[in-house]
Amino acid sequence: MRKLKITELNRITPEDFKTAEKIPLIVVLDNVRSLHNVGSVFRTADAFRVEAVYLCGITAVPPQAEIHKTALGAENTVNWQYFENTLDAVAELKQKSYHIAAVEQAENSILLDQLHLKDEKYAIILGNEVHGVNQEVMNQCDSCIEIPQFGTKHSLNVSVTSGILIWEFFKALPFPPSVLPARQQHLCHPDPSPI
Ligand code: SAH
């Protein structure tokens with residue numbers, strides 16, 4: 129298998145990204161401490177055409193060298209907004225009729241493999257590296273999604289969590305028609321058989 133050259137990846141330009149259709153998903157970061165984690169979330173949000181990233185509380189905002197280090201420019205393509213208080217972001221999302229899901233380990237959470245999405249706009253809230261999603265914010269959420277874990281560690285890294293969740297939402301939500309040509313390009317395996 130020959131590795132593809134960057135020019136063969138047929139990526140859209142940052143200018144085209146701005147006006148390209150997005151999936152109806154907003155990622156909310158509730159007081160995320162690490163700028164590298166923030167940058168990493170931006171990079172994944174760019175890959176899957178996430179509508180916006182909301183940066184709340186102590187979460188750093190671009191431009192920042194440490195965000196850029198992991199975002200590699202995605203901090204300039206993905207829409208973002210800053211809220212001093214995560215509850216203000218939640219209030220705005222409620223007012224705009226988004227289904228708001230905490231991504232957290234909590235009572236009555238929906239395990240990710242049991243997730244069934246409806247024809248709705250979604251916002252997912254990810255929390256601080258030490259304290260998780262604030263309980264007051266949890267209280268305002270419509271649901272909670274948890275990734276089951278089977279090892280020794282209590283939790284996953286927050287940006288890794290966002291990657292797993294964003295991919296799940298991308299697969300389940302109606303993806304923009306303009307994504308289709310990239311999915312059908314001849315470079316992909318014509319006969320996806322079990323490996
Ligand atoms: N010790 C913290 C862990 C925070 S991990 C706590 O007790 O909450 C940082 C963030 O990553 C969490 O707030 C959550 O949004 C996400 N996360 C990590 N592991 C997760 C899992 N297994 N399921 C859902 N979210 C998870």
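Residues in the sequence shown are numbered from 129 upward in steps of one, following this note's numbering. Glycine residues also receive a C-beta, built at the ideal position from the N, C-alpha and C atoms. Predicted model only: the values in this text are computed from it and were never measured.
- It is roughly 10 Å from the alpha-carbon of H244 to the alpha-carbon of F297.
- Taking T147 as reference, the option from Q209, V178, W295 and N236 with the minimal CA-CA separation is V178.
- Between the alpha carbons of A188 and R161 lies a gap of roughly 8 Å.
- If you draw a straight line from the Cα of L254 to the Cα of I228, it comes to about 11 Å.
- Classified as exposed, A219 has fewer than 16 neighbouring CB atoms from the shown chains inside 10 Å of its CB.
- Annotation: T135 to H259 spans about 42 Å, alpha carbon to alpha carbon.
- It is roughly 22 Å from the alpha-carbon of S287 to the alpha-carbon of P142.
- Its Cα nearest to that of T289, the residue A173 stands out among I151, A173 and M266.
- Given a length threshold of 3 residues, each whole run of the beta strand (DSSP E) inside the segment 147–206 is given here in chain order: 151–158 and 178–184.
- Under the DSSP assignment, S287 falls outside any beta strand (DSSP E), being part of the alpha helix (DSSP H) whose first and last residues are V286 to A300.
- Excluding five sequence positions before and after Q209, the CB atoms of its chain that fall closer than 6 Å to its own CB belong to Y182, given in chain order.
- N236 sits in coil when the DSSP states are folded into three classes, being neither helix nor strand.
- Considering only I273, N262, A202 and F211, the residue with the shortest C-alpha distance to S237 is I273.
- N138 sits in coil when the DSSP states are folded into three classes, being neither helix nor strand.
- Residues of the same chain with a CB within less than 6 Å of the CB of A234, apart from the 5 flanking positions on each side, are C272 in chain order.
- When rounded, the separation of the alpha-carbon atoms in P276 and S283 is 9 Å.
- Between the C-alpha atoms of L137 and K224 there is a straight-line separation of about 35 Å.
- In the structure shown, Q242 falls within a helical segment according to DSSP collapsed to helix, strand and coil.
- DSSP places E274 within a strand segment (E or B) once states are collapsed to three.
- Judged by their CB atoms, A230 and C269 are nearer to each other than the 8 Å cut-off.
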